[in-house]
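Reviewing the structure listed below.
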Amino acid sequence: MENELKGKVILITGAAQGIANAVCRGCAEEGATLIMADINAPKLEEAVAELRTLGYPCEACVMDITKQEMVNAGVQMAVDKYGHLDGLVHCAGISDKTLFLDSTAEWFDKLMHIDLYSTYYLGFAAAKAMKEQGYGSIVNFASIAAFSGGGLMGTSLYAAAKGGVVSLSRGMAREMAPFGVRVNVIAPASIDTPMTLVGRDPESYAASIKKIPLGRRGTPQDLIRPVIMLLSDGAGFVTGQVVHVNGGAYFC
Ligand SMILES: NC(=O)c1ccc[n+]([C@@H]2O[C@H](COP(=O)([O-])OP(=O)(O)OC[C@H]3O[C@@H](n4cnc5c(N)ncnc54)[C@H](O)[C@@H]3O)[C@@H](O)[C@H]2O)c1
85 MENELKGKVI LITGAAQGIA NAVCRGCAEE GATLIMADIN APKLEEAVAE LRTLGYPCEA
145 CVMDITKQEM VNAGVQMAVD KYGHLDGLVH CAGISDKTLF LDSTAEWFDK LMHIDLYSTY
205 YLGFAAAKAM KEQGYGSIVN FASIAAFSGG GLMGTSLYAA AKGGVVSLSR GMAREMAPFG
265 VRVNVIAPAS IDTPMTLVGR DPESYAASIK KIPLGRRGTP QDLIRPVIML LSDGAGFVTG
325 QVVHVNGGAY FC
């Protein structure tokens, strides 16, 4: 399909690398105008420059997703500049391998701000704008950890934060439906990105493949079509859902 997102303005967080970076490219190829947000300014500029070189309309928005005022400013910038915000893909986040009994309340608080509060900040700002215009699609990123309690890459605290993402999204979907705003979740697992590859020992990498029924790890490109589907008008009757993108591995 071509131009599935033609005319749509979409804000994507985590755009500097990994899954969100690939999703940006996929959405641009489908005709979207992008606001690419990330905390990593130099890498974000590189990512934006790459898409611009290919002729795609996009701009950088340096944003720390844990700062509500920065999030509000990013959403407002999109609305002021383009007059509408059709989609939000909130993909930025961190993983965490801290074992429960090694954790501290301070670290839990920090992790919750990055992975869960950010979902509230972005969802709140975007949903408000979308309610005004009477339409919009929000896609939040959770994880298989929300359902399994954690795994190789994430432990209980991460699972709790991502479980919160699922519950918050489902609640938002219910409350925002009367205003034409849909809210869905992508729950990936075992996708090769800097998050899962940096510092990874070859044994755990090889072991992870054995647990995936489809017999391979995922790539950031594997997330493109599921996200575009949820953003597109063709998914107009889909809200409050979780799309699992994990090669069939539910407890890796
Ligand atoms: N890769 C996987 O296998 C996997 C599995 C389950 C869930 N996820 C989820 O998918 C999403 C994307 O993961 P990824 O693998 O592409 O990760 P990644 O580490 O490759 O990319 C994450 C991006 O988020 C940005 N970011 C981090 N903290 C930020 C902050 N405070 N403000 C703004 N930007 C910030 C980083 O700069 C980076 O560009 C995450 O929410 C992650 O939890 C990934």
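The numbering used here puts the sequence shown at residues 85 to 336. Positions of the beta carbon are idealized from the N, C-alpha and C atoms, including for glycine. This one's a predicted model, so the numbers in the text were calculated from it and none came from an experiment.
Listed as beta-bridge partners of P272 by DSSP are V329.
Ligand 1 has a heavy atom closer than 6 Å to the beta-carbon of Q101. Between T203 and N224, the alpha-carbon positions lie close to 7 Å from each other. In this structure, N87 has its beta carbon at no less than 6 Å from each heavy atom of ligand 1. By the Cβ test, the stretch 91–110 is in contact with the stretch 166–179, since at least three Cβ pairs between them sit closer than 8 Å. For the stretch 90–124, the continuous alpha helix (DSSP H) assignments of 4+ residues that do not extend past its boundaries occur at 102–113, in sequence order. Straight-line measurement puts the Cα of A261 at about 10 Å from the Cα of F321. CA-CA distance, W191 to A99, rounds to 25 Å. Around Q217, the same chain offers H168 as residues with beta carbons nearer than 6 Å, after the five sequence neighbours per side are excluded. Distances from the CB of N124 to the heavy atoms of ligand 1 include at least one below 6 Å. Rounded to the nearest whole angstrom, the C-alpha separation of S288 and Q152 is 37 Å.
In the DSSP assignment, C145 is bridged to A121. Within 6 Å of the C-beta of P297 there is not a single heavy atom belonging to ligand 1. Here the stretch 137–145 does not lie against the stretch 261–277, with fewer than 3 beta-carbon pairs under 8 Å apart. Considered as a whole, the stretch 226–296 harbours 265–272 as its complete beta strand (DSSP E) runs of no fewer than 3 residues, in chain order. With a cut-off of 8 Å on Cβ pairs, the stretch 241–248 is in contact with the stretch 174–192, counting three or more such pairs. Remark: C-beta atoms of A226 and V249 approach each other more closely than 7 Å. Here E114 is buried: its Cβ has 16 or more other Cβ atoms, across all protein chains shown, within 10 Å. Taking 6 Å as the cut-off, the C-beta of F225 counts as close to a heavy atom of ligand 1. Comparing alpha carbon positions, the residue from I198, A210, L200, D199 closest to D164 is A210.
Boundaries for L172: no alpha helix (DSSP H) harbours it, while the beta strand (DSSP E) harbouring it runs 171–174, taken from the DSSP string.
Just so you know, the alpha carbons of R254 and N330 end up roughly 20 Å apart. Between the alpha carbons of A133 and L118 lies a gap of roughly 12 Å.
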